[in-house]
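2 protein chains.
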Amino acid sequence: MRLTRAFLPTLKETPAEAQIVSHRLMLRAGLIRQTSAGIYTWLPAGLRVLNRVADIVREEQDRAGAQEVLMPTIQPAELWQRSGRYEDYGKEMLRIRDRHDREMLYGPTNEEMITDVFRGYATSYRDLPRNLYHIQWKFRDEVRPRFGVMRGREFLMKDAYSFDLTAEGARHSYRQMLYAYLRTFQRMGLRALPMRADTGPIGGNLSHEFIILAETGESTVFYDAALEEIDWAAKAFDFDSQADMEACFNLATSAYAATEEMQDEAEWAKVPAERQRTGRGIEVGHIFYFGTKYSQPMGLSVAGPNGEAVVPEMGSYGIGVSRLVAALIEANHDEAGIKWPDAVAPWKLAILNLKPGDAACDALCEKLHAAFPNQAIYDDRPERAGVKFNDADLMGFPWQAIIGPRGAAAGRVELKRRMTGERLECSFDEALAKLGA
Amino acid sequence: MRLTRAFLPTLKETPAEAQIVSHRLMLRAGLIRQTSAGIYTWLPAGLRVLNRVADIVREEQDRAGAQEVLMPTIQPAELWQRSGRYEDYGKEMLRIRDRHDREMLYGPTNEEMITDVFRGYATSYRDLPRNLYHIQWKFRDEVRPRFGVMRGREFLMKDAYSFDLTAEGARHSYRQMLYAYLRTFQRMGLRALPMRADTGPIGGNLSHEFIILAETGESTVFYDAALEEIDWAAKAFDFDSQADMEACFNLATSAYAATEEMQDEAEWAKVPAERQRTGRGIEVGHIFYFGTKYSQPMGLSVAGPNGEAVVPEMGSYGIGVSRLVAALIEANHDEAGIKWPDAVAPWKLAILNLKPGDAACDALCEKLHAAFPNQAIYDDRPERAGVKFNDADLMGFPWQAIIGPRGAAAGRVELKRRMTGERLECSFDEALAKLGA
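Line order of the protein sequences matches chains A and B.
Each residue of the first sequence is one higher than the one before, starting from 1 at the first, in UniProt numbering.
Each residue of the second sequence is one higher than the one before, starting from 1 at the first, in UniProt numbering.
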């Protein structure tokens, strides 16, 4: 993609309304634009990151055996009246009346709807277990939306719902999601710690939230350094093995970890001082086991192996997909801008032509651009080198290929690794090899 | 995906509310489930088709030089008040008041919003031309939603918006989209005819709708057989060439084609009788050139090459993505069910194990299943062969691999091509080659 044709606008000024670094950088780097309070348009670079984050979430949900569906954004009020949550939810729920004056709402979550959908098909114990998820826009009418997509009103969430025949089955499903989450965040280059949590309006008696560490996080967290040393991607637990999932759960939850609100000083004191760690955290996921809290009132029941009626045990599992984009920036930035991890970068490479119009520069840039279809941004603008350096740093492409007239004449490319600042001068072929063309 | 673990429910009975074949088959084959009038949940098989359709649309938009963004579903009323359409739109617009009593709406289309977004960045003629699109859920509060996703209330649409410096530039953008649409529909195995159309509530003075031919279409169309003979995918017009786009436009629009409402008997009489064709059609796309109808009131203006203020010329271009899923079924089905074209099938292959538990059957099925990760459904259910044949025909997988004990013992597979009914008995390796493993 050539910058002279692209819609990748950057802003020089820091927008006044942005209070946290991710919000500032998302506006300045042209990832999002506010269209109403707490509601954003995703511009091309932002949408590409959002999609890459969603794809990683999707792959790990699929790996765990969950199946993707897509529920609509608009729900009928009756579903929520049946579960008793219609009144409870208060003003955060966006309530709507359609042209026939029927009460509708913009879904803030989908426990009721998925239970109703599943009820339409599940009749026997053979239809269980199942785990269904979707990645869909939700709406929560926050009083004071702020921090950009970190606490927006219209936001993208992955929510999964498990249906099991027994409580033990439901705990297995819960552990599968816990492991899937640890893998998901690690693949994005994030360190996410599972912490025991309150269940809030979802309900139930077992719940963990996933907190990623970032200096600019919203709350303080306390944890045992042992948690930092676990490489979840390397563990290769078998999702179908009860024993593996139990081992994974124990490994992830036996070391101490708590947010400020859940801090237990007596337990904390038991962690050896040299392993005590304190940091700032951002919640990016939350999982719940709540038994029959929704299946019971929604009338979901299947015939068990002996013909008896069984009300399935359920859990729900959320990941804030749009929030993760902001959280990734909170965890990966410097004064100059964003430093995208490779796994979620909108484009892997920016090609900076320092002298458009110079035949050698143009030729080398074009050749490199052609080698990375759909993976490179080619800055062919008639701008000063300083502007190009600043924009590339701001937008955070993992690699920059800097091509000036002197180097180009000798067929040399300068590569810069945004994450580390490392620089390397090399031949065109070496550059291709380094960039993994 | 094993059917014993999948969420791929089929219905034996034809639901009473479904009046057209695509609606009946989408419900029976477990593609969608209604959650309110005109609002649907997409089940796993339906979602996969929806995503494949959207991906083809996306690839062809990208090829044409359009860039993807994502606007939110909820819009502020002020945008529509500025263009004057807030009152015009009537009851089809879903109007909402948020907790602060601000007037909002669920977007039925995005001319106002994209113009406002673009205005935030475009300052100079160098920022033009641009074409921005998104694939997002829309809402139109139809009085009587019906025909399933063919005329639903919450529906998925691709809408693109072009910004040009001149009227001639805007016509070029219009022609680019016209060619992109012809390619898009042809890739899905559909024959789409562009027809001159009324501009309706979008406005403007140049408009074409794209009608696909299907026996069960909603309206009658009249066209010159010459249009049927054009292979758009083979044309390889250059999107960047004004001359190519003009040639493409002339080729696509010079032969007679009209819906009932636009039929011109005098012009129709000029088409040689042996080339006159009449058929039923379904509208799947609509493109508009409307000049400065939105850029003017929304205050979009850029500095021209000589510093003068220029109000960009705009067009908008829609494809009904969720509607296309139904249209594809209207065009591809028989008594037994859906016949998915390869390009949009949810899975390319169904493996029917006629005797689960038979060692040879199980082994051969597992081996075939392993050869098509994520592309095959393995019917391992303890069901009669007849049930499996019926479900595979109903769900419309392009290929069926039928494996019974006798064949399996000899290492033989029976392949069935759903589209043609053709059958072929072959070895395992021949089957792999035939299926393109």
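Just so you know, even glycine gets a beta-carbon here, dropped at the ideal spot from N, CA and C.
On a predicted model such as this, the values are computed, not experimentally measured, just so you know.
(request) Consult DSSP for SER254 of chain B and reduce its assignment to one of helix, strand or coil. (result) Within the second sequence, numbered from 1, the residue matching residue 254 of chain B stands at position 254. Residue state, collapsed to three classes: coil.
(message) Given this structure, state the Cα-to-Cα distance separating GLU154 of chain A from GLY200 of chain A, to the nearest angstrom.
(response) The sequence position of residue 154 of chain A within the first sequence is 154, counting from 1. The sequence position of residue 200 of chain A within the first sequence is 200, counting from 1. So the two alpha carbons sit approximately 20 Å from each other.
(message) For the structure I just gave you, are there three or more beta carbon pairs, one from the region 204–224 of chain A and one from the region 251–261 of chain A, closer than 8 Å?
(response) yes
(message) Tell me whether GLU229 of chain B, by its Cβ, gets closer than 6 Å to a heavy atom of the ligand GTP.
(response) What this structure holds is no ligand at all, so the ligand GTP is not there to describe.
(message) Taking 7 Å as the threshold (C-beta atoms), are ILE212 of chain A and ALA327 of chain A in contact?
(response) Counted from its first residue, the first sequence places residue 327 of chain A at position 327. Counted from its first residue, the first sequence places residue 212 of chain A at position 212. Closer than 7 Å, so yes.
(message) Rounding to the nearest angstrom, what Cα-Cα distance links GLY315 of chain B and GLY396 of chain B in this structure?
(response) Your numbering for residue 315 of chain B matches position 315 in the second sequence. Your numbering for residue 396 of chain B matches position 396 in the second sequence. Near 38 Å, if we compare the C-alpha coordinates of GLY396 of chain B and GLY315 of chain B.
(request) For GLY386 of chain B, collect the residues of the same chain with a Cβ closer than 7 Å to its Cβ; drop the 5 residues on either side in sequence, then sort them by chain order. (result) One-based indexing of the second sequence puts residue 386 of chain B at position 386. Excluding residues within five positions, none has a Cβ falling inside 7 Å.
(request) Could you please give the first and the last residue of the uninterrupted beta strand (DSSP E) stretch that includes ARG280 of chain A? (result) Your numbering for residue 280 of chain A matches position 280 in the first sequence. Residues 276–291.
(message) Could you compute how far the alpha carbon of GLU60 of chain B sits from the alpha carbon of ASP391 of chain A?
(response) In the second sequence, the residue the question calls residue 60 of chain B occupies position 60. In the first sequence, the residue the question calls residue 391 of chain A occupies position 391. So the two alpha carbons sit approximately 29 Å from each other.
(message) DSSP three-state label for TRP232 of chain B, please.
(response) Taking the first residue of the second sequence as position 1, residue 232 of chain B is located at position 232. TRP232 of chain B: helix per DSSP, three-state reduction.
(request) Using a Cβ-Cβ cut-off of 7 Å, state whether PRO346 of chain A counts as contacting chain B. (result) As a first step, residue 346 of chain A is located in the first sequence; it is residue number 346 there, counting from the start. Not an interface residue.
(message) Could you tell me the alpha carbon to alpha carbon distance between LYS270 of chain B and GLU229 of chain B, rounded to whole angstroms?
(response) Taking the first residue of the second sequence as position 1, residue 270 of chain B is located at position 270. Taking the first residue of the second sequence as position 1, residue 229 of chain B is located at position 229. One C-alpha to the other measures close to 19 Å.
(message) Tell me which residues of the region 101–126 of chain B have at least one Cβ-Cβ distance to chain A shorter than 9 Å, keeping chain order.
(response) ARG102, MET104, TYR106, MET113, ILE114, ASP116, VAL117, PHE118, GLY120, TYR121, ALA122, ARG126
(request) Show which residues of chain B have a CB atom less than 9 Å away from the CB atom of ALA6 of chain A. (result) Against the first sequence, residue 6 of chain A aligns to sequence position 6. Those are GLN67, ARG130, listed as they occur along chain B.
(message) Distance cutoff 7 Å, beta carbons only. Does ARG33 of chain A sit that close to anything in chain E?
(response) Judged by its chain identifiers, the structure shown contains no chain E, and its protein chains are A and B.
(request) Just the chain B side, please: which residues come within less than 7 Å of LYS91 of chain A by C-beta, in chain order? (result) The residue labelled residue 91 of chain A in the question sits at position 91 within the first sequence. Per Cβ cutoff of 7 Å: ARG99.
(request) Inspect the beta-carbon positions of MET177 of chain B and ILE319 of chain B and report whether they are closer than 7 Å. (result) For the purposes of this step, residue 177 of chain B is taken as residue 177 along the second sequence, with counting starting at 1. For the purposes of this step, residue 319 of chain B is taken as residue 319 along the second sequence, with counting starting at 1. No.
(request) Determine the DSSP secondary structure at HIS333 of chain A, reduced to helix, strand or coil. (result) Sequence index remark: in the first sequence, residue 333 of chain A carries index 333 (1-based). Correct three-state label for HIS333 of chain A: strand.
(message) What are the residues in the region 141–162 of chain A lying within 8 Å of chain B by C-beta distance?
(response) ASP141, VAL143, ARG153, GLU154
(request) Have a look at the DSSP bridge pairing and note the partners of HIS369 of chain A. (result) Translated into the one-based positions of the first sequence, residue 369 of chain A becomes position 369. HIS369 of chain A is not bridged to any residue.
(message) Taking 6 Å as the limit between beta carbons, can you name the residues of its chain near GLN75 of chain A, skipping five residues before and five after?
(response) Position 75 of the first sequence, counting from 1, holds the residue named residue 75 of chain A. Here the set comprises LEU105, GLY107, MET113.
(request) Using a Cβ cut-off of 7 Å (strictly closer), state whether THR41 of chain B contacts chain A. (result) As a position in the second sequence, residue 41 of chain B is number 41, starting the count at 1. With 7 Å as the cut-off, THR41 of chain B counts as an interface residue toward chain A.
(message) Taking the alpha carbon of CYS361 of chain A as the reference point, which residue from A:ARG82, A:ASP393, A:ASP379, A:PRO346 has its own alpha carbon closest?
(response) Taking the first residue of the first sequence as 1, we reach residue 361 of chain A at position 361. Closest option to CYS361 of chain A, Cα to Cα, is A:ASP379.
(request) Establish whether the CB of MET71 of chain B and some CB of chain A are separated by less than 7 Å. (result) Counted from its first residue, the second sequence places residue 71 of chain B at position 71. MET71 of chain B counts as touching chain A.
(request) Would you mind giving the Cβ-Cβ distance between ALA401 of chain B and LEU415 of chain B, rounded to the nearest angstrom? I have them listed as a contact below 8 Å. (result) As a first step, residue 401 of chain B must be located in the second sequence, where it is residue number 401. As a first step, residue 415 of chain B must be located in the second sequence, where it is residue number 415. Sure, about 6 Å apart at Cβ, within 8 Å.
(message) Against chain A, which members of the region 269–283 of chain B pass a CB distance test of less than 8 Å?
(response) none
(message) Tell me the rounded alpha-carbon separation between ALA24 of chain B and ASN353 of chain A.
(response) Within the second sequence, the letter at position 24 stands for residue 24 of chain B. Within the first sequence, the letter at position 353 stands for residue 353 of chain A. Looking at the sequence provided, one finds Arg at residue 24 of chain B rather than Ala. Approximately 57 Å between the Cα atoms of the pair.
(request) Mind listing the chain A neighbours of GLN263 of chain B? Cutoff is C-beta to C-beta under 9 Å, in chain order. (result) If you number the second sequence from 1, residue 263 of chain B lands on position 263. In chain order: nothing, as chain A lies at least about 33 Å away.
(message) Below 8 Å on C-beta distance, what does SER83 of chain A contact in chain B?
(response) Sequence index remark: in the first sequence, residue 83 of chain A carries index 83 (1-based). Those within 8 Å of SER83 of chain A in chain B number zero; the least Cβ separation is about 15 Å.
(request) Using a Cβ cut-off of 9 Å, pull out every chain A residue sitting near PHE139 of chain B, in sequence order please. (result) Here residue 139 of chain B corresponds to residue number 139 of the second sequence, with the count starting at 1. Chain A residues near PHE139 of chain B: THR73, ILE74.
(message) Any beta carbon of chain B sitting closer than 7 Å to that of ILE96 of chain A?
(response) The residue you call residue 96 of chain A lines up with position 96 of the first sequence. With 7 Å as the cut-off, ILE96 of chain A counts as an interface residue toward chain B.
(message) Checking 7 Å against the spacing of the C-beta atoms, do VAL302 of chain B and THR41 of chain B come in under that value?
(response) For the purposes of this step, residue 302 of chain B is identified with residue 302 of the second sequence, where counting begins at 1. For the purposes of this step, residue 41 of chain B is identified with residue 41 of the second sequence, where counting begins at 1. Not in contact: VAL302 of chain B and THR41 of chain B (Cβ atoms no closer than 7 Å).
(message) Using a Cβ-Cβ cutoff of 7 Å, what residues of the region 236–261 of chain B are near chain A? List them in chain order.
(response) none
(message) So for SER219 of chain B, helix, strand or coil by DSSP?
(response) Along the second sequence, one-based indexing puts residue 219 of chain B at 219. DSSP places SER219 of chain B in strand when its eight states are reduced to three.
(message) Taking a contact to mean a Cβ-Cβ separation below 7 Å, would you say ARG277 of chain B touches TYR223 of chain B in this structure?
(response) For this step, residue 277 of chain B is matched to residue 277 along the second sequence. For this step, residue 223 of chain B is matched to residue 223 along the second sequence. Yes, these two residues count as a Cβ contact at 7 Å.
(message) Using the three-state DSSP reduction, which class does ALA16 of chain A fall into: helix, strand or coil?
(response) In the first sequence, residue 16 of chain A corresponds to position 16, counting from 1. Here ALA16 of chain A sits in coil by DSSP.
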